[in-house]
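Visitor:
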Amino acid sequence: MARRSKTPRWLEAARRRGTEGVPEGGRADWLARALGRAGVMPRASAEAAIRAGRVEVDGQVEVEPFAPVGPGRVVRVDGRECSLDARPWVLLFHKPAGPVVHGSDPEGVGTVFERLRAVLPESLQGYEWYAVGRLDRDTTGLLLFTNDERFVRHGTAPETHLPKRYVARVEGRPGEVALQRLREGVALEDGLTRPAEARLREVDAVELTLTEGRHHQVKRMLAAVGHPVVTLHREAVGRVALDVAEGAFRVLRDEEVAEGLGFRVEQGSV
Ligand code: URA
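According to UniProt numbering, the residues represented by the sequence shown are 1 to 270, in order.
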C-alpha cells in the first residue's frame, strides 16, 4: 500500500524515540541503509534481519530498521561485529534490452538490479546498489550503479551536465536541417533542450551527446525533428565508454570515476 506520510521513515523512527538517536550533524542515516551501503547486506535483507532480532547496536538488539545510527556505534549481525565504514564503488553495467530500471516490477519483465546481481561476485553482493539515472526498458548500453547516494546525486543533478553519448537508429534519413535543430535545441513540452552534439553515423543512425537527462529525452528530441527512434543505445557517460559485453559489468577505478565522471572517491566517505 502507498505510504501517505512524506516524513522520511528514519525521521519518524527518530521522533518516536525522542531526539536521542539522531546522529550528530543531522545526517539522515539509518541502520538498514547503513548496512546496505557498507556492504554488510542489501537493504531489504537488512530490514528483515533487523526485524528478526538478528542485529545489535551497542549491545542492544535493535528491531527498528529505520533506527538512526551515528558514527562510533558497534553493530553486530548474528553476533558478528560489522564495520559501517563504507567504501564507495561505481560499477559500469551493459544493460540489455528488456529489464526495467525500477525497484518495482509489476509486469514481471525483470529489473536491471536482478540482472546486475546475477553477475556480481560474492564480495559485492552485500551492497545496496543504486542505478545512476534511468534508461528506458528497450534502451541498451551503459548504466552506472553505485552504493554511494552522493554519486547518484552527482550523476543525475541537472547542474552537473555530464555528457551522455547515445546512438539512435531512427525512421527516415535525417538531413543537416534536423541535425542542426538537435544541436541548437529542440522545443519540448518541458522547455528548450540544451545545446547538444549531433552527427550522422549512418544514413539512419544519429549520434547524439546530451548534457542533461530528461525523461525520454532522446526519443522526444528525435521525434520532434521528424525521426522517431527505432532502437537506442548509450555508449558513454562523461569520458567513460562502454567496454564490456551485454549483461556484464566491471568496477570502475577511482581515477576513472574522478577523471571520467568528475567525482572524487574518498575512502570511507559514503
Ligand atoms: N533518452 C531516451 O529517450 N531514453 C533513454 O533510455 C535514455 C535517454
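C-beta atoms are modelled at their ideal positions from N, C-alpha and C, and glycine is treated no differently. Just so you know, these numbers come straight off a predicted model, no measurement behind them.
#1: Given a cut-off of 9 Å, decide if Arg199 and Glu207 are closer than it, judged by their beta-carbon atoms.
#2: Is Arg165 a contact residue of ligand 1, with contact defined as CB to any heavy atom under 8 Å?
#3: Can you tell me whether Val218 sits near ligand 1, meaning its C-beta is under 8 Å from at least one heavy atom of the ligand?
#4: Can you tell me whether DSSP reads Gly108 as helix, strand or coil?
#5: How far does the beta strand (DSSP E) with Gly141 in it reach, from first residue to last?
#6: Nearest CA to the CA of Leu162: which residue from Arg153, Thr146, Gly141, Lys6?
#7: What residue from Val109, Arg214, Glu255 has the CA that sits closest to Arg239's CA?
#8: Give the range of the beta strand (DSSP E) segment to which Ala205 is assigned.
#9: Below 9 Å between beta carbons: does that hold for Leu34 and Val77?
#10: Can you tell me whether DSSP reads Phe93 as helix, strand or coil?
#11: Tell me the DSSP bridge mates of Trp129?
#12: Taking 8 Å as the cut-off, is the CB of Arg234 close to at least one heavy atom of ligand 1?
#13: With DSSP run on the structure shown, which of helix, strand or coil describes Gly155?
#14: Go through its chain and collect everything with a Cβ distance to Arg134's Cβ below 7 Å, but skip five positions before and after it.
#15: Quick check on this structure: which residue in Leu232, Ala48, Arg201, Ala196 has the alpha carbon closest to the alpha carbon of His216?
#16: DSSP three-state label for Gly260, please.
#17: With DSSP run on the structure shown, which of helix, strand or coil describes Glu64?
#18: If I measure Cβ to Cβ from residue 271 and keep anything under 6 Å in the same chain, skipping five residues before and after, which residues do I get?
#19: Quick one: what's got a C-beta closer than 8 Å to Ala205's C-beta in the same chain, skipping five residues either side?
#20: Please work out which residues of its chain come closer than 7 Å, Cβ to Cβ, to Glu149, disregarding the five sequence neighbours upstream and downstream, and give them in chain order.
#21: Candidates Asp190, Glu246, Arg194: which alpha carbon is nearest Gln180's?
#22: CB of Thr139 to nearest heavy atom of ligand 1: below 8 Å?
#23: Is DSSP giving Val237 helix, strand or coil here?
#24: By Cβ distance, which residues of its chain are closer than 7 Å to Asp58, with the 5 residues on each side in sequence left out?
#25: Is Leu200 helix, strand or coil by DSSP?
#26: On the DSSP letters alone, give me the boundaries of the alpha helix (DSSP H) that Lys219 sits inside.
Guide: Short version:
#1: Reading the sequence shown from its first residue, position 207 is the one you call residue 207. Reading the sequence shown from its first residue, position 199 is the one you call residue 199. Yes, these two residues count as a Cβ contact at 9 Å.
#2: Here residue 165 refers to the residue found at position 165 when the sequence shown is read from its first residue. No; taking the cut-off as 8 Å, the Cβ of Arg165 has no heavy atom of ligand 1 nearer than that.
#3: On the sequence shown, position 218 is the one that residue 218 refers to. For ligand 1, at least one heavy atom lies less than 8 Å from the Cβ of Val218.
#4: On the sequence shown, position 108 is the one that residue 108 refers to. DSSP places Gly108 in coil when its eight states are reduced to three.
#5: Within the sequence shown, the letter at position 141 stands for residue 141. Taken as a continuous stretch (DSSP letters only), the beta strand (DSSP E) holding Gly141 covers 140-146.
#6: Numbered from its first residue, the sequence shown carries residue 162 at position 162. Looking at the Cα atoms, Arg153 is the closest of the given residues.
#7: Position 239 of the sequence shown holds residue 239. Nearest of Val109, Arg214, Glu255 to Arg239, Cα basis: Glu255.
#8: What you label residue 205 is simply residue 205 of the sequence shown in a count that begins at 1. Run containing Ala205: 205-210, per the beta strand (DSSP E) assignment.
#9: Residue numbering aside, residue 34 sits at position 34 when the sequence shown is read from its first letter. Residue numbering aside, residue 77 sits at position 77 when the sequence shown is read from its first letter. Note that residue 34 is Ala in the sequence shown here, rather than Leu. For Ala34 and Val77, no; Cβs fall outside 9 Å.
#10: As a first step, residue 93 must be located in the sequence shown, where it is residue number 93. DSSP, read as helix, strand or coil, puts Phe93 in strand.
#11: Locating residue 129 in the sequence shown gives position 129, counting from the first residue. For Trp129, which the question treats as bridged, DSSP gives no partner whatsoever.
#12: Here the question's residue 234 lines up with position 234 in the sequence shown. Yes; taking the cut-off as 8 Å, the Cβ of Arg234 has a heavy atom of ligand 1 nearer than that.
#13: Taking the first residue of the sequence shown as 1, we reach residue 155 at position 155. Looking at Gly155 - three-state DSSP - the assignment turns out to be helix.
#14: Working through the sequence shown from its first residue, we reach residue 134 at position 134. Once the five neighbours on either side are set aside, the close Cβ partners of Arg134 are Val101.
#15: Taking the sequence shown and counting its residues from 1, one reaches residue 216 at position 216. Selection Leu232, Ala48, Arg201, Ala196 evaluated against His216 yields Leu232 as nearest (Cα-Cα).
#16: In the sequence shown, the residue the question calls residue 260 occupies position 260. Reduced to three states, the DSSP call for Gly260 is helix.
#17: On the sequence shown, position 64 is the one that residue 64 refers to. Glu64: coil per DSSP, three-state reduction.
#18: Nothing can be reported for residue 271: it is not among the residues displayed for the chain, which extend from 1 to 270.
#19: To locate residue 205, count along the sequence shown from 1; it is residue 205. Around Ala205, the same chain offers Val167, Ala168, Arg169, Val170 as residues with beta carbons nearer than 8 Å, after the five sequence neighbours per side are excluded.
#20: The sequence position of residue 149 within the sequence shown is 149, counting from 1. Answer for Glu149: Tyr130, listed in chain order.
#21: Counting from one through the sequence shown, the residue named residue 180 turns up at place 180. The residue with the shortest Cα to Cα distance from Gln180 is Arg194.
#22: Sequence index remark: in the sequence shown, residue 139 carries index 139 (1-based). Yes, Cβ of Thr139 sits closer than 8 Å to a heavy atom of ligand 1.
#23: Along the sequence shown, read from residue 1 onward, the residue named residue 237 stands at position 237. Here Val237 sits in strand by DSSP.
#24: By one-based count along the sequence shown, residue 58 stands at place 58. Result list for Asp58: Arg73, Val74, in chain order.
#25: Here residue 200 refers to the residue found at position 200 of the sequence shown. Strand at Leu200.
#26: Position 219 of the sequence shown holds residue 219. Segment 217-224, the alpha helix (DSSP H) holding Lys219.
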